[in-house]
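Chains as they are written, first to last, in our numbering: chain W, 1 to 137; chain F, 1001 to 1137. Backbone N, C-alpha and C fix where the C-beta goes; we use that ideal spot for every residue, glycine too.
Protein chains: 2
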Amino acid sequence: MIEGVQITDLKVIGTDKGDIKHALKSSEFSFEKFGEAYFSEVHQNVIKGWKLHKEMILNLIVPCGLIKFVIFEEKTGQFMEIEIGEQNYKRLTIPSDLWVAFQGKSSTQNVLLNIGSIEHDPNESISKNLDEIEYCW
Amino acid sequence: MIEGVQITDLKVIGTDKGDIKHALKSSEFSFEKFGEAYFSEVHQNVIKGWKLHKEMILNLIVPCGLIKFVIFEEKTGQFMEIEIGEQNYKRLTIPSDLWVAFQGKSSTQNVLLNIGSIEHDPNESISKNLDEIEYCW
């Protein structure tokens, strides 16, 4: 585990009509502040990344499909990987100053929800090409 | 339109790797407070409702599938209906004290995200059976 990263089990309440799935409560430890919520889709086998947020804390939940996340901590050279989604329904909380990339794993729609602590601001994130951080996908 | 209900166009940023879809920013008029975010799935043709929240303001976005919402204002007897989802990507903001029911329309997964202004509390919502409010589905 990389320091500050949290993986939280989320409750799924099954019903005949369709499930209720928890995402984030304001009273939870993972919640700092609400800045913006947005969705990002990623097609099967496609990789989005790398991106590092200098300020935003990410709360990531995958309601549709399955997504592999890889987190890279530059100062320690440490990698961390996890797949979350319908088959492993958890929340991934990522503090600022870590590199993140993610890959669609399901042949159906892969959708992540990020509940970020600040609004989108192109000046607070930096990007690298996929091959600039060596990782065997 | 029922007073206080807002329908907001949301931006979709198309990319080859998968779309980015806006949901809610803290600076937007529709945002009051972050209490809890959760997902609710509803199978095709199935209806969930009726439910009235005495306090919670709902911000509803449908990232997967298509869902028909029906809102009923008891004091005026007025109904309002809208379908939102991938084919009509908008946010539906519903103030408290209105009856809401919704129906899955797509044969694929129908998923709504609610960003509610307060945390779930069974004492602040009331339910009615579907046939207790007459509406031709």
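Apart from the five residues on each side of it in sequence, which residues of its chain come closer than 8 angstroms, Cβ to Cβ, to residue i?
i: F/GLY1065; result: GLY1085, GLU1086, GLY1104, LYS1105, SER1106, THR1108, GLN1109, ASN1110 and VAL1111
i: W/GLU28; result: THR8
i: W/TRP50; result: PHE72, TRP99, VAL100, ALA101, SER127, LYS128, ASN129, LEU130, GLU132 and ILE133
i: W/ALA37; result: LEU113, ASN114, ILE115 and GLY116
Taking the CB atoms as reference points, tell me whether residue i and residue j lie closer together than 7 angstroms.
i: W/GLU119; j: F/LYS1021; result: no
i: W/MET80; j: W/SER117; result: no
i: F/ALA1023; j: F/VAL1070; result: no
i: F/GLU1041; j: W/GLY18; result: yes
i: W/LEU52; j: W/ASN114; result: no
i: F/LEU1130; j: F/LEU1092; result: no
i: F/PHE1039; j: W/PHE34; result: no
i: W/TYR135; j: W/VAL12; result: no
List the residues of chain F that residue i touches, going by C-beta distances under 9 angstroms, in chain order.
i: W/LEU63; result: The amino acid occupying residue 63 of chain W in the given sequence is Pro; Leu does not appear at that position. Residues of chain F passing the Cβ test: PHE1039, GLU1041, PRO1063, CYS1064, GLN1109, VAL1111 and LEU1113.
DSSP on residue i, reduced to helix/strand/coil?
i: W/ASN123; result: helix
i: W/ASP9; result: strand
i: F/LEU1098; result: coil
i: F/GLU1083; result: strand
i: F/GLU1036; result: strand
i: F/GLU1132; result: helix
i: W/ASN110; result: coil
i: W/LYS75; result: coil
i: F/LYS1090; result: strand
In chain F, what lies closer than 7 angstroms to residue i by C-beta?
i: W/LYS68; result: The contacting residues do not exist; W/LYS68 stays about 14 angstroms from chain F at best.
i: W/GLU119; result: LYS1025, SER1026 and SER1027
Name, please, each residue of chain F whose Cβ falls closer than 8 angstroms to the Cβ of residue i.
i: W/LYS48; result: LYS1017 and GLY1018
Leaving out five residues before and five after residue i in sequence, what residues of the same chain have Cβ atoms less than 6 angstroms from its Cβ?
i: F/VAL1062; result: ILE1084, GLY1085 and LEU1112
i: F/GLY1014; result: none
i: F/GLN1095; result: Per the sequence shown, the amino acid found at residue 1095 of chain F is Pro instead of Gln. Counting only Cβ-Cβ distances below 6 angstroms, and skipping sequence neighbours, we find GLY1004 and ILE1057.
Give me, in chain order, the residues of the same chain whose beta-carbon lies closer than 7 angstroms to that of residue i; leave out the 5 immediate sequence neighbours on both sides.
i: W/GLU74; result: TRP99
* Asked: Can you list, in chain order, the residues of the stretch 11-37 of chain W whose Cβ is nearer than 7 angstroms to any Cβ on chain F?
  -> If the cut-off is 7 angstroms between Cβ atoms, the stretch 11-37 of chain W has LYS17, GLY18, ASP19, ILE20, LYS21, HIS22, ALA23, LEU24, LYS25, SER26, SER27, PHE34, GLY35, GLU36 and ALA37 near chain F.
* Asked: For the stretch 1083-1108 of chain F, which residues have a beta carbon sitting closer than 8 angstroms to at least one beta carbon of chain W?
  -> GLY1104 and THR1108
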